[in-house]
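Numbering (UniProt numbering), first residue to last: 1 to 367. Right, one structure below, let's go through it.
Here it is, written out as structure tokens:
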């Protein structure tokens, strides 16, 4: 009798070890005490429940469970009725928000909790999106033709200057709005700013005079739009070739500067200065100015910071001043004076911070 008991005990140990090996190879519930093979044996056996339980080393309840089932696979332990916390109307609204706003799951959850159902769960919302076929945000974004890469300017030397102007907001101590004229060199992104009381041809010519005085390089080409402060291309009878009698053109001719005009209705041609005007617009939007002088001082400070301290991606992360110095070393003949960051009296012919200067010789004065 003792030998029989030892034999049965050894069989149980062997069977338990065998079960562990099988559990590693078959995907079973973490708390499972039987394998599909043992379950099938239970279903096919005619032995009493107590005898089978003692033979297999499991509870009698386990024997009864598997005898009543037709399958040997574990059933899902997921709740049959999942609580999404969203009604059908709420689900519809969440799905429409997903489609219209293209929100990520977490962003959509914030919106749903704030405006639809404060108790919505992330998992419940995720299941809702999956049920309605909108779980992949990428699938909801319409395919569009790839945008053409922006046209790059060819390599230019310093001296090709884009010129434009922009309205300024009226300050409390002003009777009318003023304008800021902007000149930016295509090759170095060096910029010169000047605020004028109006946008007449006389103001444009005065700006050109000061631009030529302050630029460290020789200006060879000016690109402007077709505004009447720059050209007489447009007249009462329509478009025509510029006559050359406009004061801005005359001053360009005096200094051997080619005055180019952008194609009508194509402001993007002068996009470089337009983008800089966008920077100015951002400053104007987020800054409160106490007076006209405060505004003017802010613009000149930004001009200094932009030229000397803001690296430009188009310049391979150099500042405009760094690029000026680089060109000066390679092609000094393009310059009238040596660019430098030094501030103070201009005793050595170096380019410094722009300030209004004397009228160049031969320049027509319309101020």
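C-beta atoms are modelled at their ideal positions from N, C-alpha and C, and glycine is treated no differently.
In DSSP terms, what residue i is bridged to
i, result
"residue 166", "180"
"residue 193", "182"
"residue 90", "Answer is none; residue 90 lacks a bridge partner."
"residue 312", "318"
"residue 217", "335"
Simplified DSSP state of residue i, which is helix, strand or coil
i, result
"residue 321", "helix"
"residue 374", "The structure shown does not extend to residue 374, since the chain is modelled only from 1 through 367, so no value can be given for it."
"residue 68", "coil"
"residue 205", "helix"
"residue 111", "helix"
"residue 327", "helix"
"residue 49", "helix"
"residue 161", "strand"
"residue 357", "Note that residue 357 scores 44 on pLDDT, short of 50, meaning its location in the model is unreliable and no value can be drawn from it."
"residue 290", "coil"
"residue 136", "coil"
"residue 44", "helix"
"residue 124", "helix"
"residue 103", "coil"
"residue 38", "helix"
"residue 171", "coil"
"residue 117", "coil"
"residue 156", "coil"
"residue 285", "helix"
"residue 198", "coil"
"residue 75", "coil"
"residue 303", "helix"
"residue 298", "helix"
"residue 58", "coil"
"residue 345", "With a pLDDT of 43 at residue 345, under the threshold of 50, the modelled position of that residue is not reliable, and no figure is offered here."
"residue 24", "Any answer about residue 24 is weak, because its pLDDT of 47 lies below 50 and its placement is not dependable; what the coordinates show is given next. Helix, per DSSP."
Contact under 7 Å by Cβ, residue i with residue j
i, j, result
"residue 298", "residue 308", "no"
"residue 49", "residue 63", "yes"
"residue 264", "residue 226", "yes"
"residue 258", "residue 221", "yes"
"residue 218", "residue 336", "yes"
"residue 189", "residue 293", "no"
"residue 273", "residue 164", "yes"
"residue 191", "residue 302", "no"
"residue 94", "residue 110", "no"
"residue 185", "residue 158", "yes"
"residue 389", "residue 289", "In the structure displayed, the chain extends from 1 to 367; residue 389 sits before or after that span and is not available."
"residue 260", "residue 212", "no"
"residue 86", "residue 53", "no"
"residue 208", "residue 256", "no"
"residue 39", "residue 72", "yes"
"residue 174", "residue 128", "no"
"residue 56", "residue 102", "no"
"residue 58", "residue 35", "no"
"residue 187", "residue 156", "yes"
Below-7 Å beta-carbon distance, residue i vs any chain B residue
i, result
"residue 303", "This model lacks chain B altogether, as it is built from one protein chain only."
Write down every uninterrupted run of the beta strand (DSSP E) in the segment 219-283 whose length is 3 residues or greater and which is fully enclosed by it, in chain order. 221-224 and 258-261
Do the segment 181-192 and the segment 240-247 make contact, defined as three or more Cβ pairs closer than 8 Å? no
Inter-stretch contact (C-beta, 8 Å, three-pair minimum) for the segment 198-209 and the segment 311-331: no
Measuring CB atoms only, is the segment 128-138 touching the segment 91-108, in the sense that at least three cross pairs come out at less than 8 Å? yes
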